[in-house]
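Before any comments, here is the structure.
In the numbering used here, the protein residues as written are 514 to 1104.
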């Protein structure tokens, strides 16, 4: 074995970089066999080791590992470190399947921003007495400059020393096109926001909606052979929604390429990124406000009415079960809405936007999980909100990872000054913000309050609302148990809370044990009630008598009179509505 191969691996690092210093401390803590030796890239011993290993190119701003006579830089260096540490860290070898250009491109992107994100020290920190012997440059005097030297010896173009040295350029080209594709997709997704906030433009967007649907129908027919007829009628996961995603991606891909080549393949300017992020941020603000206020004033998931309470849990759909679970506790619904509101308010201001994006990501991830696991047809929309929240975190992701996973110090993010510096420009910007809050936040708050009183937890019950026990049931000459079980009613639940005063939902329990849910219409002038679908052959009734104690329903079927005497029952006869909250439980009440 040659002499270089017998030496322990040497790790060269930037001596004043906080990130590099943190990485060295991380390796020291896990290098239990003391495999590695260390030196800074600024040291004489480091340059000599590179020259001795035959590396003649310029020294890259990268961690370098010299091991067994070979020089490993960038992504290869990190994989070599993981291999040498052994144990569970050797699993990182699977990352070799990622193309080297991509690995090194990501590495160089982080290295290029390491001082800005993590800061730098004035001088290389001294190793501790326990690790002093492992730092080969510990006895060297501090260099005159802590700038990384350009080369260890005679200059050789980097492309000859490292054939994949153009990885950074390749990644930046793909990243620029990908960024443009992403920006176009998101602007298409949120359109017509924020233009739809301009007063007196509702008719414009109604026409745009029709034009958009026609275009979507054409796209679905030409590319998928689909005849689209349903466009978001109570569901966000229709066939047209999925076709719409593909259509936006196709437009964004082509538009991104045209934009990319139109500007000579230059990266997206920082100012453009800021404006697009600002637009997306405030779109997320307006969305969180709408869904936050409608939960704070419990309206999105109304409390389960008598009809829902009568329904056996096994007959509920997963979505219905989720709605009942949340609606049964207005306090929990208000709490989840408050979390959405807080995330939205934090997103308004630049200095708290990162915290707002992190909070929005957590809140919307929980919402998306409910939609996926309870089959709620809002999966596409909630997924987009999760991805958008993550996208707003993306510029700070490296700093967050260093802080949360490696406890490394991070630099504060530099906020560029606003393009408007004059007093009138700042006043105009403030007025635009106030206008946005008025047009986006106030309607959401007002809508939540009105919705809670119209059909939510604060809605007043209608005259039919209530739970009824069947005191007597007459069908022609037969009565009560003389009537077939599949026709005889034993209980009626009417949810006449909020919504239209003429309509309600209901559930009928029959003697055979079946419970049928349906809808009813109430005609106050004629004192009549109609239910759909017919239950036990009965659908149209005259209300002969109605008061606080109950009511009597009358109808005629095949020239036979049917009369049902109903007595009101308290709604808290159900465990779910009467249990309430208890601080102390000697035994869990889990039924």
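In this text, a Cβ means the ideal position worked out from N, Cα and C, and glycines have one as well.
query                                                                                                          : result
Beta strand (DSSP E) runs wholly inside the region 539 to 593, at least 3 long, in chain order                 : 550 to 553, 577 to 580, 583 to 586
C-alpha distance - residue 838 paired with residue 1015, whole-angstrom precision                              : 27 Å
Beta-bridge partners of residue 534, as assigned by DSSP                                                       : Paired residue(s): none; residue 534 is not in a bridge.
Cβ distance (whole Å) where residue 574 is taken to contact residue 536 below 8 Å                              : Residue 574 to residue 536, Cβ: 14 Å. No contact.
beta-carbon residue 972 near the ligand ADP non-hydrogen atom, thresh 6 Å                                      : You won't find the ligand ADP in this model; it holds no ligand whatsoever.
Proximity below 7 Å, CB of residue 563 to CB of residue 527                                                    : no
CA-to-CA distance, residue 769 to residue 691, given in whole angstroms                                        : 7 Å
For residue 1055, the residue or residues it bridges with in DSSP                                              : 1041, 1067
The beta strand (DSSP E) enclosing residue 1077, as first and last residue numbers                             : 1073 to 1082
Residue 818 versus residue 1018 - alpha carbon distance                                                        : 9 Å
Alpha carbon of residue 850 to alpha carbon of residue 961, nearest angstrom                                   : 11 Å
Distance between residue 542 and residue 609 (C-alpha atoms, nearest Å)                                        : 25 Å
Buried versus exposed call for residue 594 [16 or more other C-beta atoms within 10 Å across all chains shown] : buried
Residue 1013 versus residue 956: straight-line alpha-carbon distance, rounded                                  : 22 Å
Residue 709, DSSP secondary structure in three states                                                          : helix
According to DSSP, residues forming a beta bridge with residue 974                                             : 1010
Coil, strand or helix - residue 520 by DSSP                                                                    : coil
Option in 1025, 1104, 695, 926 with minimal Cα separation from residue 826                                     : 1104
Residue from 726, 718, 696 with nearest C-alpha to residue 764                                                 : 696
Buried versus exposed, by CB contacts within 10 Å (16 or more), residue 699                                    : buried
Anticipated Cβ contact below 8 Å, residue 814 with residue 840, distance rounded                               : 4 Å
Of the listed residues 1033, 1011, 995, nearest to residue 1005 (C-alpha basis)                                : 1033
Buried/exposed call for residue 995, threshold 16 Cβ in 10 Å                                                   : exposed
CB of residue 965 within 7 Å of CB of residue 811, strictly                                                    : yes
Buried or exposed (CB count within 10 angstroms, at least 16 for buried), residue 735                          : exposed
Burial state of residue 1139 (16 or more Cβ within 10 Å)                                                       : Nothing can be reported for residue 1139: it is not among the residues displayed for the chain, which extend from 514 to 1104.
Length of the line joining the Cα atoms of residue 637 and residue 652                                         : 13 Å
Cβ neighbours of residue 558 in the same chain (closer than 8 Å, five flanking residues each side left out)    : 552, 649, 650, 653
Any alpha helix (DSSP H) of 4 or more consecutive residues that is wholly inside the region 711 to 772         : 715 to 737
Closest Cα partner of residue 969 within the set 646, 1067, 1008, 1049                                         : 1008
For residue 1033: DSSP bridge partner residues                                                                 : 1017, 1044
Proximity of residue 884 and residue 892 at Cβ, strictly below 7 Å                                             : yes
Which listed residue (717, 821, 565, 745) has its alpha carbon closest to that of residue 1115                 : Look at the range of the chain in this structure, 514 to 1104, and you will see that residue 1115 is not part of it.
Opposing strand residues paired with residue 979 [DSSP bridges]                                                : 1007
Contact with chain C by residue 1008, beta-carbon distance below 7 Å                                           : Of the protein chains in the structure, only one exists, and it is not chain C.
Residue range of the unbroken alpha helix (DSSP H) whose run includes residue 617                              : 613 to 625
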